Structures are given as structure tokens and as C-alpha cells.
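Remarks on the structure that follows.
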Amino acid sequence: MASPLAQFEIKTLLPIDLFGIDISFTNSSLAMLISVIFILFFLFLGLRNASIVPTKKQSVVEISYEFIANMIGDNIGKEGMKYFSFIFTLFLFILIGNLLGMFPYSFTWTSHIIVTFTIAFFIFLAVTVIAIFKHGVVKFLKFFAPSGVPKPMLILLIPIELISYLSRPISLSVRLFANMMAGHTLLKVIGGFVFGLAASSYIIGGILPISFLVALTGLEIVIAFLQAYVFAILTCLYINDAIHLH
Amino acid sequence: MTRDKNFDEIDKRIKDLEPKNKENNKKNTQSNFGIGFKISLDLISPIIVGCIVGLGFDNFFSMKPIFFIIFLLLGVIAGFLNIYRYMKKLR
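From first to last, the protein sequence lines stand for chains A and B.
Sequence positions in the first sequence follow this note's numbering and run 1043 to 1288.
Sequence positions in the second sequence follow this note's numbering and run 612 to 702.
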């Protein structure tokens, strides 16, 4: 039987070598490409014959638009609408990536730490650049020194604040990656139980794990939505911190 | 007549359930599992960053354990500070 971790294996589909750097087209790239194509079709089909009274497809697109617009309005305020396209793209990309992993024999690209960390790191860089451009370097550095603290304490507090700021991309990326990887590994492990128990006890023993598996699949779909939402809302909070330095 | 009675009953039921529903809506914005996961990550990630920064400084200045220890401790403090702030917000 295949190991529960075999599903995360990266397979090269189309070897490409650019100046000694391996940028091969892998099954992970394929999954990302499929999710991008799916999003494009979803938006294109929904908005093809846009009318005032929305059709079913159009209303799904409008709901997702309003969902993100409300999230930005609640967490950043009106000046956050500039970043709408970024957060909308991010949310849909991660959501479709998570849901794509729920299809049997597909690949969950969000279950790789390097992918989620790259996304989180670029968000972190962007947020830092936004903060510096909006408020200047001096005011940005004051962000690390809480007001109303005696000066000797600042020697201790500034490194602590700095480390806590630098840990943002890690906590952002690990949250998504760990949830997706743990969930999919668990599904595979329980799936292994189904076959093993059913084979050793004339099928009766397989009923319990397979009912458990059904419940877990539902839970995993909820987690797919929840993690995409959490990723988007945390990005909102970081952008809010950058715009309104306190 | 029976119909009106039924409607009245349903109205009563809805009114009884409404405060419960509101409470649930407030509570279920983030699941307990989500909160636990967030807190544990907030505790661990500054420690990881502290370790990496400390080891980097150690390599740069070749003063093996000193910066690692300092930044590890700072990372632990930062982790606990994160949790402290989050718990303060929760209450």
C-alpha cells in the first residue's frame, strides 16, 4: 500500500532547465494552472451576459465579490478597496487550490510549505513596502517601539517586537500548510484502515472507518474554505496595520 | 382558526430561539480548534524566527552560542507576548 505521504510527492511532467535552474513543469504547477483556469472560467462564465437581475452563475460571482468587499470594509476601511483585486485573487486562488485537492487523484498545491511560504513572504514584503511608502522610514520604525514605555525597556522591547513582526510570514504560511497537509494525511490514513479492516473481517469492520471518512471529507471541505478565509483576513489585518500605523 | 394558532406557535418558537441564535453567531465566528491552532502557531513562530536570526548572527560574527541564546530567549518572550495580547483581545 502506498504511504499516506505519497500524495505530496512532486513529479516532473515537463523537464525545463533555465541556465542551470530547475524550473520544470511539475504536477504542482499543473494543479496551480488548473486552479487559475478554473477561476478564469468561473468569472468569465458568470459575467458573460451580465444583467441587472443576476443569473445563478452571476450571483455566485457577485456573492464572492461582496464577501471580500465586506471583509475589506470591516477590517481595513474604505481606503482598503485599493487592495481589493489583490485580496480577491489571493482568496480565490487559495480556495480553489484547497478544493481542487479534495478531488481523488488530484494534487493539493497548498499542502507544500514552500508554496505557502512564498505567498506569505511576498505579502510580508508588500505590507512592509506599503507601510514605508505611506508613513516614511522613521514612523515605520516607531511602530516597533510601543508608546509610554520607559527608555531602558526599549532595548529589550524593540528586538521582541521585531521578532514578532518577522514571524508573521511563518505563522501565516504554516497555518495554511499544516491544516491542508494534516487533513489530507489523515484522510489517507483512515482510507488505509477501511481496506485493511474490511479485508480482515468480511467487510463488516470497514463500515466504521468509511463512515468516519465521509464525515472527515465534509470537515476537510469546511477547512478548505476556512483556511482560505483565514489567509485572506490575515492579509487584510496586516495591510490594515500598514495603513494605520499606531 | 387552527392555522392562526399554528402561526402564533411558530412565532413564539422563533422568538424563543432568537437570542440563542445570536449567541451562536457571535461565538462561532472562529471555532475553538481555530483559536487553539492560532495561539500555538503564534507561540512557536517567533521562537523559530529567533533561532534563525540568532544562528545567522552567530555565523556572521562567529561567536557560536551567544546570539543564539539571546535571540532564542527573545523569541520565547515575543511568543508569550503575542499570546498575552491575543487573550487580552478575547476578553
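Cβ atoms here follow ideal geometry from the backbone N, Cα and C, with glycine treated the same way.
Given the structure is predicted, the values throughout are model-derived calculations rather than measurements.
Find the residues of chain B that neighbour residue i, judging by a C-beta separation of less than 9 Å, and give them in chain order.
i, result
"Leu-1167 (chain A)", "Ordered by position in chain B, no residue passes the 9 Å Cβ test against Leu-1167 (chain A), which lies about 15 Å from the chain."
"Arg-1217 (chain A)", "Phe-648, Lys-649 and Leu-652"
Which residues of chain A have a Cβ atom closer than 9 Å to the Cβ of residue i, listed in chain order?
i, result
"Asn-653 (chain B)", "A small correction: the amino acid at residue 653 (chain B) is Asp; Asn does not occupy that position in the sequence shown. The answer, in chain order, is Ser-1206, Ser-1209 and Ser-1213."
Check the Cβ of residue i against every Cβ in chain A and list those closer than 8 Å, keeping chain order.
i, result
"Ile-659 (chain B)", "Ser-1209 and Ile-1212"
Go to residue i, then tell me how far its alpha helix (DSSP H) extends in each direction, as first and last residue.
i, result
"Leu-1279 (chain A)", "1249-1285"
"Gly-1139 (chain A)", "1126-1142"
"His-1226 (chain A)", "1210-1242"
Buried or exposed for residue i, please, with buried defined as at least 16 other CB atoms from any protein chain shown within 10 angstroms of its CB.
i, result
"Ile-625 (chain B)", "exposed"
"Arg-696 (chain B)", "exposed"
"Pro-1038 (chain A)", "Nothing can be reported for residue 1038 (chain A), as the shown portion of chain A is limited to 1043 through 1288."
"Val-1171 (chain A)", "exposed"
"Ile-1105 (chain A)", "exposed"
"Ala-1187 (chain A)", "exposed"
"His-1286 (chain A)", "exposed"
"Ile-1129 (chain A)", "buried"
"Glu-1262 (chain A)", "buried"
"Thr-1150 (chain A)", "buried"
"Met-1123 (chain A)", "exposed"
"Ala-1048 (chain A)", "exposed"
"Arg-702 (chain B)", "exposed"
"Leu-1218 (chain A)", "buried"
"Met-1223 (chain A)", "buried"
"Lys-637 (chain B)", "Reliability fails at Lys-637 (chain B), whose pLDDT of 49 lies under 50, so the model's placement of it is uncertain and the value that follows must be treated cautiously. Exposed, by the Cβ-count rule."
"Ile-1212 (chain A)", "buried"
"Leu-1134 (chain A)", "buried"
"Met-698 (chain B)", "exposed"
"Ile-1264 (chain A)", "Residue identity differs from the one stated: residue 1264 (chain A) is Val in this sequence, not Ile. The residue is exposed, with fewer than 16 neighbouring Cβ atoms inside 10 Å."
On the three-state DSSP scale, how would you describe residue i?
i, result
"Lys-638 (chain B)", "The predicted position of Lys-638 (chain B) is uncertain, since its pLDDT is 48 and thus under 50; no value can be drawn from it."
"Ile-1118 (chain A)", "coil"
"Ile-1081 (chain A)", "helix"
"Phe-1164 (chain A)", "helix"
"Leu-1109 (chain A)", "Correcting the residue type first, residue 1109 (chain A) is Phe in the shown sequence and not Leu. Three-state result, Phe-1109 (chain A): helix."
"Thr-1158 (chain A)", "helix"
"Leu-1060 (chain A)", "strand"
"Thr-1097 (chain A)", "coil"
"Phe-1050 (chain A)", "helix"
"Phe-1067 (chain A)", "strand"
"Asn-617 (chain B)", "helix"
"Thr-1150 (chain A)", "coil"
"Phe-1145 (chain A)", "coil"
"Arg-624 (chain B)", "helix"
"Ile-1245 (chain A)", "coil"
Please list the partners that residue i has in chain B, where partner means a Cβ-to-Cβ separation under 8 Å.
i, result
"Pro-1201 (chain A)", "Phe-682 and Leu-685"
Please list the partners that residue i has in chain A, where partner means a Cβ-to-Cβ separation under 7 Å.
i, result
"Asn-693 (chain B)", "Ser-1206"
"Ile-688 (chain B)", "Ile-1202"
Starting from residue i and walking both ways along the beta strand (DSSP E), at which residues does that stretch end?
i, result
"Thr-1054 (chain A)", "1054-1056"
Please report whether the beta-carbon of residue i lies at a distance below 8 Å from any beta-carbon of chain D.
i, result
"Ser-656 (chain B)", "Of the chains in the structure shown, none is chain D; the protein chains are A and B."
Cβ of residue i versus every heavy atom of the ligand FMN: is any distance shorter than 7 Å?
i, result
"Phe-1086 (chain A)", "Inclusion of the ligand FMN in the displayed structure is not the case, the ligand content being empty and no account of it being possible."
### Task
Output the residue ranges of the alpha helix (DSSP H) runs that lie fully inside the stretch 1168-1206 of chain A and measure 4 residues or longer, sorted by chain position.
none
### Query
Going along the chain, which unbroken runs of the alpha helix (DSSP H) with 4 or more residues stay wholly within the stretch 651-702 of chain B?
675-701
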